[in-house]
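In this note's numbering, each number is its position in the sequence shown, counted from 1, plus 130.
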Amino acid sequence: MALLMLYPRLSTISLLIVAYISWRVASYFSFKYKSKGLPLPPGPKGEPVLGHLRIIPVDNPEYYYQNLSKELQSDVLSFNVLGQPVVVLNSVQAAIDLFDKRGANYCDRPRFVLFEVMGWSMTLTFLRWGPQFRMHRKVLQKTFQKSSIAQYRPLQEKESKVLVEGLLKNPGDWERLLRRFATAIVMGIGFGVQIDDDKDPHIQMAIDASYALGHGGAPAGTLVDFFPIVKSLPNWLVRDRSLKFARDWRWAIRQIHEAPYAAGEKRSIEASLVRTLLSERQKRLDKGEPEEMTIEDIKGAAGAVYAAGQDTTWSTLVVFVLNMVLHPEVQDKAQKIIDTVVEPGRLPAFADRPYLPYIDYIVQETLRWCPVSPVGVPHRSIEDDVYNGFFIPAGSFVYANARAMTHDERTYSNPDEFDPDRYIPQSEGGRGEPFPKGQFGFGRRVCVGQHLAEASIWIVVASLLSVIQVERWRNLETGLEEIPKVKLTNGLTSHPQSFKCSIVPRQHRLVRQRLLRARGLVFGD
Ligand code: HEM
């Protein structure tokens, strides 16, 4: 009798077991057929059904991949998350071979269902390969190519001046002032909107959107990304933290698409990406031609500049400040060099750049030491591929681990050290290590804003160091200096967690040093 009552449940369980075994057997034979017997790239042992879901760390997986790559002696690793093949490239060579040289096969993106829920669907970063992607990419690539970005120099110089003035007035507000700089650049270029003061609402909008982007979970790695059907189920039924978060923060994403656009639309005289695209669209319509970009496309393209350009630039500037606190000797060296090139009474300008290579070394070392998008944004392979004897199935999510690349001991001596001198050319008696590669991605999805970002960081580093001294925080009770402990945030962009430091005008420091020297307490410079 008891057996009879169990019968329906037993039959369901047996059905599930039979279905699972059939699926495994079918996948095994289909894999054998497609891979022609070649193995997948190495990876750890997975669990039944879940694969490596519980094995890949949720927080900062870049370190795990980097160590595993060394342990398994393979630049290319493979994982399986709920049946989804995932490949991680841990060397520049592997990324160049696949993303650059076989770009046509690795130019797609996975479907980012969670980000769709948030409202990012028209953003180039998350667009799948296809006509819409090509259109957005063409527009943004043209706007930010090397030959186009010189036009933004006056804006960058003006905003870096506003930044240092702000720092001299309110040194304690340095994080927000850097945020203001990064926001003013993308708002100016994207929408023609000027950020008039530190309380401008666009700054908070940028902070909110960055928070939403960074805290929803790994891109293409949450429940709803694997099971898109879950997207239509209510929160009480699904109980998934990431999905609830995406729904709760939708307003922030809507806001950064709508508000700057509305502000930019009003400023009909200011040149901006939105203005250019709107007038091109109007010209087509006037000629009776069909529109190439819809209003939603235009909002999405300008929103992409905001979304992709603001937080990444800000995070890199925070990495720079942290390293000035940790390495006063680098700061002193840079300031002495600046003082020989930039006469008193003015701030550095882009015209000084050829004479200040050490500032470029600091910029590159900042980008290398802490790539703020450590595993980048995943690409998706379109067709089956074979690399170094390993099989990479079509539809794999492929990550470029910038952290492993920029800390590769085969390229960089003491890679964890912040040492701008590493780039001094051998002809000048230095080590001549190459500028980092990987922090801006690769191939047909490489960051469109790379040249703009490097220029923004350069002008801030040069301007800031010319008038300001970043010092360690001194504990007033113990009198001891606090050396910040490096802890990184986790998410699409990763940056140092808040730390304490003192920002002081350089003249104050010179005056103080002279006083101390006069009292015989300090010798030398
Ligand atoms: C330090 C600053 C920056 C860093 C570290 C950075 C990093 C990245 C990375 C890693 C990617 C993904 C590349 C790939 O998939 O291979 C990317 C894509 C992108 N970046 Fe940047 N970025 C920065 C600044 C900017 C700026 C200032 C802009 C805007 C002007 C921008 C616009 C974009 C766009 C639109 C994409 C998507 C490209 C595509 O999917 O085709 N980025 N960036």
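Don't be surprised by glycine CBs; every beta carbon is placed ideally from N, CA and C. On a predicted model such as this, the values are computed, not experimentally measured, just so you know.
Rounded to whole angstroms, what's the CA-CA distance from residue i to residue j? Just pull it up for me.
| i | j | result |
| --- | --- | --- |
| A312 | R384 | 20 Å |
| K615 | G609 | 18 Å |
| V600 | L618 | 20 Å |
| S122 | V449 | The displayed coordinates of the chain run from 131 to 655. Any statement about residue 122 would go beyond what the structure contains. |
| E295 | L595 | 13 Å |
| M252 | A479 | 36 Å |
| A524 | I512 | 5 Å |
| L180 | L212 | 5 Å |
| L307 | L447 | 11 Å |
| I425 | E410 | 12 Å |
| S624 | R232 | 28 Å |
| A437 | K466 | 36 Å |
| D327 | I333 | 10 Å |
| P484 | W588 | 12 Å |
| Y194 | L202 | 12 Å |
| E612 | E547 | 19 Å |
| G559 | Y491 | 15 Å |
| A224 | G519 | 13 Å |
| H509 | F629 | 34 Å |
| W444 | W379 | 21 Å |
| R636 | V597 | 5 Å |
| V455 | M423 | 46 Å |
| V493 | P501 | 12 Å |
| S526 | D303 | 44 Å |
| A393 | Q214 | 42 Å |
| V269 | K175 | 44 Å |
| E177 | P487 | 51 Å |
| V435 | L219 | 27 Å |
Under three-state DSSP, which class holds residue i?
| i | result |
| --- | --- |
| I428 | helix |
| I489 | helix |
| A437 | helix |
| R636 | helix |
| L254 | helix |
| D515 | strand |
| R232 | coil |
| V292 | helix |
| L133 | Reliability of the predicted coordinates at L133 is poor, the pLDDT of 46 falling under 50, and the value obtained from them is presented with this limitation in mind. Correct three-state label for L133: helix. |
| Y674 | Here the chain comprises residues numbered 131 to 655, so residue 674 is not present and cannot be evaluated. |
| S144 | helix |
| H266 | helix |
| F626 | Per the sequence shown, residue 626 should be read as Pro rather than Phe. P626: strand per DSSP, three-state reduction. |
| V528 | strand |
| R510 | strand |
| E459 | helix |
| G394 | helix |
| F521 | strand |
Hey, is residue i close to the ligand COA, as in C-beta under 7 Å from one of its heavy atoms?
| i | result |
| --- | --- |
| T406 | As far as ligands go, the structure on display features the ligand HEM and does not contain the ligand COA. |
Taking 7 Å as the line, does the beta carbon of residue i fall inside it for any heavy atom of the ligand HEM?
| i | result |
| --- | --- |
| V448 | no |
| T443 | yes |
| R510 | no |
| F570 | yes |
| C500 | no |
| G351 | no |
| R264 | no |
| T255 | yes |
| C577 | yes |
| R267 | yes |
| V243 | no |
| G439 | yes |
| F274 | yes |
| S503 | yes |
| V323 | no |
| V507 | yes |
| G573 | yes |
| L343 | no |
| L270 | yes |
| V217 | no |
| I493 | The sequence shown places Val at residue 493, rather than the Ile named in the question. Outside the cutoff, so no. |
Could you tell me whether any Cβ in chain C is nearer than 8 Å to the Cβ of residue i?
| i | result |
| --- | --- |
| P178 | Absence of chain C from the displayed structure is noted, only one protein chain being present. |
* Asked: Which ranges would you report for the alpha helix (DSSP H) in the stretch 549-615 if only whole runs of at least 4 residues count?
  -> When DSSP assignments are scanned along the stretch 549-615, the uninterrupted stretches of alpha helix (DSSP H) that are 4 or more residues long and fall wholly within it turn out to be 580-597.
* In chain order, each alpha helix (DSSP H) run of at least 4 residues that lies wholly inside the stretch 185-238 -> Fully enclosed alpha helix (DSSP H) runs of 4 or longer: 191-201 and 222-225.
* To do: Identify every run of the alpha helix (DSSP H) within the stretch 319-352, keeping only runs that are complete inside it and at least 4 residues long; order them along the chain.
  => Listed in chain order, they are 331-345.
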